[in-house]
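Engineer: Residue numbers for the sequence shown, in UniProt numbering: 1 to 707.
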Amino acid sequence: MRSRRIRSKVLSRFISIVFPISAISCMLLLVLSFLFSHAFAIKAEKLLTDSYTSNLDMIGLQYKQIWLNSVSLSSQLLKDPHVQDYLYNRKDLEQTISEVKTVLEAVIERNTYFHSIYLYNAENGYLSTYAGYEGKTVSSDANLQDYLSSGSERTTSLDKRKTTFVLPEPDSEITKSEECNILSFVNLSDKTELKNALVVNISESAMRKLVSPKDKDGSQNFYLIDSDLFYLSNPKAEKYAESSINDPLFAEINQQKAFQGSLILKEKDGKKYLAIWKDLKEMRWRMVYMIPYQKVTESIQALQRNLIVFSVLFLFLFLLVLIYRSNRMEKRQILERKLMAFLKGEAKQKSLPFQPIQDVSLVVLRLGNKNEDLDYGDEQYIEARGCKWLYNYLWEPNQRDYLIHLEKSTYCFVTYQKPIELNAKIIDANALLIKKFGFDITSVMLTNQVTLDELPINLQKLRKKLKVLNLRMRGSMLLDCEMTQYEMIGNLPDTTLLKQALQNCDYPQYEKAYETILETLYLQDSYEHFKAMVFTMALLVQKYLSTQLDLLYFGGSVAWFNEVLACEEYSQLNELFLIVGRIVQDKTRFAPKDFQKETVKNIQGFINETLHDKNLTTAMVAEWFNLPVNYVRAQYKQHTGTTIYKTISSARLDTVIRLLEETELGLNTIRKKAGFVNFSYFYAYFKNEKGMSPQQYRSLYKKAKNQ
């Protein structure tokens, strides 16, 4: 007797399966996250590229607006009468200076990205919003004089300049000095000799602050390059107006012909960048974002970190639950083993998980499969699930209930619950178990509770009673008040008539003998008599009808014999002996003596007539002659020494040879007339049998015939 408390077993199986699966799943999740990180990086790269390209579109619009605004303001200033008065020396200088300063300062105030505006007149000198009137020598802008001298025509482009603005403090010897990166918009006189000029200086830092993104990383990664490949804007102010050719990263960007795009760049130290660019065609500038590639992988690395933390936390929590449930399960199984040992007489009452002064209820039950289509493996699996469900259904909280496995499909349930209440629960459980799992319950239980000392003897009585009850009334629930010891009373039924019926193939005698034996067993109502009689009957059938069972029963006589011995119900026995009855009834008609040479000739004639049919098989022959397939197969071989299959194959080969020798038909036509399923099989079969291809055979035959 072995114990199996279903809940503990299922929990143990669950833990043994789920824990490694969970661990493997977590590891697989981590591996997949790293394997697919490249794909995630590409996706993140695309999203980041789209986002920064949109930023470049907005920045480009702002730059163009600044440029157009500067052109417009320059034109307006040139047309302003006060500015013209100064440039062309039309009025009193002192009055003109006052009026012009008011106009220029208003423009500077409205346009925060303007650094300063300078006017130059060959006679009066320089006037600016930065230092006021300076005379013929400009000192506030260090290289303005050289800048103006380098051009002689009016221009509408922005020129990059690095200069130093100097402004003496009033009433002090201290001089205010600032180095600036500016873009100058200049209008020069038409003549080769510089007579007047209007210069609008735009602050690169103010313009960058205005147009660059406000996020902390974006403004540090934005670059602007002109058509000569010089920096017009750079996070490092000292790089302004320097060539980008010497920068390896930008040298590669400068080679790109597309007006916008992105690519991954790598420095010598291994640091990677995602470069995103877009051209301002009107201004012949290229805007560039140089994003550290770490920003692309931040989300992936965060995901990987979160997965690692989640996996470790999950495994830790699962381990805690595993330890807790394992300890509980181990304690329960220890108590269970003690109960099992007590029922076997190997342990004392003191070791039991029950109170000695309290009586217990006892029920022995058997699960029976009602679904005949299940194979053995599926039946065992569903029975285990059904047992788990049954235990949970019968179990009461705060009760010590034990479901113990006794033998195949047989269990005993020991509990404090009252017998009447427990029987009602088993009746309800039976209906639900049939619906859910296709299993029914046959049970026997004591009407009254018993002491622990009485458990072993009452268990043995209930087990015998259950076997008898299952023979006659499977699916019944019996409350047994008076327990009796079932013993072998009387002798086994006489099998002489059954033996004679099997020897003489006398079906009426067989039917009468079988019914007499079953009626006697039914009246004896003894499981031991039933099992002994079944064994005796099976030996007789095996002795006289084993050949026929081998032909007609799936698995042969041995399989039939084993199934008979496994019978636990009269209905199962009847089904198996119906097969024996059919054999006895048909044995004379299918006896070997009736399978004469004429039958063999008829079969061979049928084969020759239907040889063209590619579906011609032994089964087709047996069906035509209305005989069992296995019988025809065995008798034909007994009379001819060969099989029907070989006869068909040989006939087909003879037909092919005859047609090759006597006709000029194509090979595929010959194949169809001979009944071969397909050309490849026909070709391979002929070559295997004759050692050459059909074409070679025909050619050799013709040569031999001509000689």
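Just so it is clear, CB atoms sit at the ideal spot from N, CA and C, and this is done for glycine as well.
Taking only the alpha-carbon atoms, compute the straight-line gap between A341 and T547 and give it to the nearest angstrom.
Structural biologist: Approximately 47 Å, taken between the alpha carbons.
Engineer: Give a yes or no on whether the C-beta atoms belonging to N201 and S116 are separated by under 7 Å.
Structural biologist: Result yes, Cβ atoms of N201 and S116 sit closer than 7 Å.
Engineer: Measuring only the C-alpha atoms, how far is S70 from I108?
Structural biologist: If you take the alpha carbons of S70 and I108, they lie about 11 Å apart.
Engineer: Provide the residue(s) that pair with Y120 in DSSP beta bridges, ordered along the chain.
Structural biologist: According to DSSP, which records beta bridges pairwise, Y120 is partnered with Y126 and A197.
Engineer: Rounded to the nearest angstrom, what separates G261 and M287 at their Cα positions?
Structural biologist: Cα to Cα, the separation comes out at about 11 Å.
Engineer: To which residues does DSSP link L263 through a beta bridge?
Structural biologist: Bridge partners of L263: A275.
Engineer: Quick check on L665: does DSSP put it in helix, strand or coil?
Structural biologist: Residue state, collapsed to three classes: coil.
Engineer: Would the beta-carbon of K272 fall within 7 Å of that of Y293?
Structural biologist: Contact: yes.
Engineer: Would you say residue 709 and W285 are within 7 Å of each other, going by their C-beta atoms?
Structural biologist: It is not possible to answer for residue 709, since the shown part of the chain is limited to 1 through 707.
Engineer: Comparing C-alpha positions only, which one of Y118, Y636, K702 and K388 sits nearest to R658?
Structural biologist: Selected option, being the one with the closest Cα: K702.
Engineer: Can you tell me the Cβ-Cβ gap for L367 and F314, rounded? I've got them flagged as a contact below 8 Å.
Structural biologist: The Cβ separation is near 37 Å, so there is no contact.
Engineer: Within the stretch 55 to 121, note down every full beta strand (DSSP E) run reaching 3 residues or more, in order along the chain.
Structural biologist: DSSP runs (the beta strand (DSSP E)) wholly in the stretch 55 to 121: 114 to 121.
Engineer: Does DSSP put A285 in a helix, in a strand, or in coil?
Structural biologist: The question names Ala, but residue 285 in the sequence shown is Trp. Three-state DSSP puts W285 in a strand.
Engineer: Return the CA-CA distance between Y231 and N124, expressed in angstroms with no decimal places.
Structural biologist: Their Cα atoms are separated by approximately 35 Å.
Engineer: Distance, Cα to Cα, Y63 vs Y88?
Structural biologist: About 32 Å.
Engineer: Would the stretch 500 to 518 and the stretch 580 to 587 be scored as touching if the rule is three or more Cβ pairs under 8 Å?
Structural biologist: Yes: at least three Cβ pairs fall under 8 Å.
Engineer: Can you tell me whether L144 is buried or exposed? The criterion is at least 16 other CB atoms within 10 Å of its CB, across all chains shown.
Structural biologist: Per the 10 Å Cβ criterion, buried.
Engineer: Is V656 near K614, with beta carbons less than 7 Å apart?
Structural biologist: Result no, Cβ atoms of V656 and K614 do not sit closer than 7 Å.
Engineer: Would you call the stretch 463 to 471 in contact with the stretch 413 to 424, where contact means no fewer than 3 C-beta pairs closer than 8 Å?
Structural biologist: Touching, no, given that fewer than three Cβ pairs across the two stretches are closer than 8 Å.
Engineer: Along the chain, where does the beta strand (DSSP E) containing N369 start, and where does it finish?
Structural biologist: Run containing N369: S361 to N369, per the beta strand (DSSP E) assignment.
Engineer: If I measure Cβ to Cβ from L56 and keep anything under 6 Å in the same chain, skipping five residues before and after, which residues do I get?
Structural biologist: Only K278 and M287 meet the Cβ criterion.
Engineer: If I follow the unbroken beta strand (DSSP E) through D428, where does it start and stop?
Structural biologist: Looking at the DSSP string, D428 is not in any beta strand (DSSP E); the run it does join, the alpha helix (DSSP H), is P419 to F437.
Engineer: Please state whether DSSP places S571 in a helix, a strand or coil.
Structural biologist: The answer is helix: DSSP assigns S571 an H, G or I state.
Engineer: Between G270 and the rest of its own chain, which residues show a CB-CB distance below 8 Å, the 5 nearest in sequence each way excluded?
Structural biologist: Hits under 8 Å: none found.
Engineer: In chain order, what are the residue ranges of uninterrupted beta strand (DSSP E) at least 3 long that sit wholly in the stretch 519 to 563?
Structural biologist: Correct list: empty.
Engineer: Between which residues of its own chain and S409 is the CB-CB distance below 6 Å, once the five residues before and five after are set aside?
Structural biologist: Hits under 6 Å: R366 and L367.
Engineer: Between which two residues does the beta strand (DSSP E) harbouring G132 extend?
Structural biologist: First-last of the beta strand (DSSP E) with G132: G132 to G135.
Engineer: For the pair the stretch 384 to 392 and the stretch 429 to 449, tell me if three or more CB-CB distances fall below 8 Å.
Structural biologist: The answer is yes - the stretch 429 to 449 touches the stretch 384 to 392, with three or more Cβ pairs under 8 Å.
Engineer: Does the beta carbon of T442 come closer than 7 Å to any beta carbon on chain C?
Structural biologist: Checking the listed chains, one finds no chain C in this structure; it contains a single protein chain.
Engineer: Specify the secondary structure class of C180 as computed by DSSP and reduced to three states.
Structural biologist: Strand, per DSSP.
Engineer: Which of helix, strand or coil does DSSP assign to N143?
Structural biologist: N143: coil per DSSP, three-state reduction.
Engineer: Between T112 and the rest of its own chain, which residues show a CB-CB distance below 7 Å, the 5 nearest in sequence each way excluded?
Structural biologist: The answer, listed in chain order, is A206.
Engineer: Starting from V309, follow its DSSP beta bridges and name the residues at the other end.
Structural biologist: The partner list for V309 (beta bridge, DSSP) is empty, contrary to what the question assumes.
Engineer: Just the Cα atoms here: how many angstroms apart are T451 and L459?
Structural biologist: Their Cα atoms are separated by approximately 12 Å.
Engineer: Helix, strand or coil: which one does DSSP assign to P292?
Structural biologist: P292: strand per DSSP, three-state reduction.
Engineer: Give the straight-line distance between the Cα atoms of F561 and E575, rounded to the nearest whole angstrom.
Structural biologist: Going from the Cα of F561 to the Cα of E575 covers about 13 Å.
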